[in-house]
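To keep things clear, I will list the structure first and then write my remarks on it.
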Amino acid sequence: MTELILGAGGMLARGLAGERPHARSLGMSELDITDPAALARAIVPGVSLVWNAAADTRVDLAETDPSHLAVNDVAVGEIARLCRDAGALLVHVSTDYVFDGRAGRAWREDDPVAPLNAYGRGKLGGERRALASGAEVLIVRTSWSFAPGGINFVDTMLDLAASGKAELKVVDDQRGRPTFAPDLARALGRLVAIGARGVVHFANAGETTWYGLAKEALARGGFPHVRLVPCTTAEFPRPAARPANSVLDTSLYERLTGEAPRHFTEALDEHLRRRAETAGAAAT
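According to this note's numbering, the sequence shown is numbered sequentially starting from 750.
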């Protein structure tokens, strides 16, 4: 039986490849998931499990460019249909941005969804297509992902500091739970191993703001001299609206697996070690 990892080259897909060395990883050069014929050639009887780590995460661009829907919405439905026909399990990753951020507590899996931006609406569309397909489906929502080698907030802050920036303005009124992509990959494997289905939330423990995350990253990364200036969302406008509270409740994950995610600061330290090792290898 064959496992497929879609989205090879991305942060999560690299983590999954490390966890599932027997799986076949397919990136854009091997498989265009927006091409139904190409998908039909890849997801065939004999494929037992499809890990969909492919996504268009350009949140601001999604407000004016609907092309993200081909990956985040339509393709997910086609992947799910093919998984149903092949008898394969689909593991699909979604986002905290399906929520509007107005709750005064962490978001549970069964809370009402009401995305504030086009990206969130597209990801929600993908969720709904997958769940309606008749396939066996596990959807895991996550938030604020980071890992070496990908475009993410943590590395952006570190790279700006390394470039000589003395001051950085960072939003301090949006709260969430950062997620180390390799930890998410391990969590997905654990959920599959116990037969989880439906929607589950996963993120590292500890909630913070973007300002708080930047502060931890720079202090732990050796840039305590960089001055961080907290600001409001209104003071740092972006094309896409962001939820003020996108903290995910991981109680269901913890009950299902019998373990709690580690704190994001512990994962951040591992991220920094891996980042340093990659830089050292490149230098030699």
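All residues carry an ideal CB built from backbone N, CA and C; glycine is no exception. All values reported here derive from a predicted model rather than from experimental measurement.
Between residue i and residue j, is the Cβ-Cβ spacing less than 7 angstroms?
i, j, result
"A952", "R926", "yes"
"V975", "A910", "yes"
"L798", "A787", "no"
"R833", "A884", "yes"
"L818", "G871", "yes"
"T905", "T928", "no"
"A803", "D932", "no"
"P897", "R1011", "no"
"V842", "V886", "no"
Name, in chain order, the residues that DSSP records as bridge partners for residue i.
i, result
"S816", "DSSP lists no partner for S816."
"I754", "S774 and W800"
"R924", "T958 and N994"
"K918", "V978"
"F929", "F895"
"E949", "Before going on, a small fix: residue 949 reads as Val here, not Glu. BP columns for V949 point to V889."
"L839", "V799 and V886"
"H1012", "A954"
Return the CA-CA distance between residue i and residue j, expressed in angstroms with no decimal places.
i, j, result
"Y1002", "T844", "15 angstroms"
"P988", "A811", "9 angstroms"
"V920", "E956", "14 angstroms"
"V996", "W856", "6 angstroms"
"G764", "R854", "30 angstroms"
"D782", "W893", "Inspection of the sequence shows that residue 782 is occupied by Ile rather than by Asp. The straight-line gap from Cα to Cα measures roughly 24 angstroms."
"W800", "E1019", "24 angstroms"
"P785", "I828", "8 angstroms"
"S816", "S882", "22 angstroms"
"F915", "L907", "According to the sequence displayed, residue 915 carries Ala and not Phe. Those two C-alpha atoms are separated by around 12 angstroms."
"L755", "S774", "6 angstroms"
"A942", "T1027", "31 angstroms"
"A835", "A791", "11 angstroms"
"Y960", "F902", "11 angstroms"
"F985", "T751", "46 angstroms"
Taking the alpha-carbon of residue i as reference, which of the options has the nearest alpha-carbon?
i, options, result
"M760", "H771, G776, E752 and D1018", "G776"
"L865", "N994, G795 and E1019", "N994"
"V949", "R1004, A762 and K918", "R1004"
"R924", "R878, T982 and V889", "T982"
"R991", "E1019, R877, A968 and A863", "A863"
"A966", "T1006, A942, F1013 and T999", "F1013"
"G938", "G756, F902, A772 and A757", "A772"
Exercise. What are the complete beta strand (DSSP E) segments, minimum 3 residues, inside the stretch 841 to 894?
Worked result: Counting only runs of 3 or more, we get 885 to 891.
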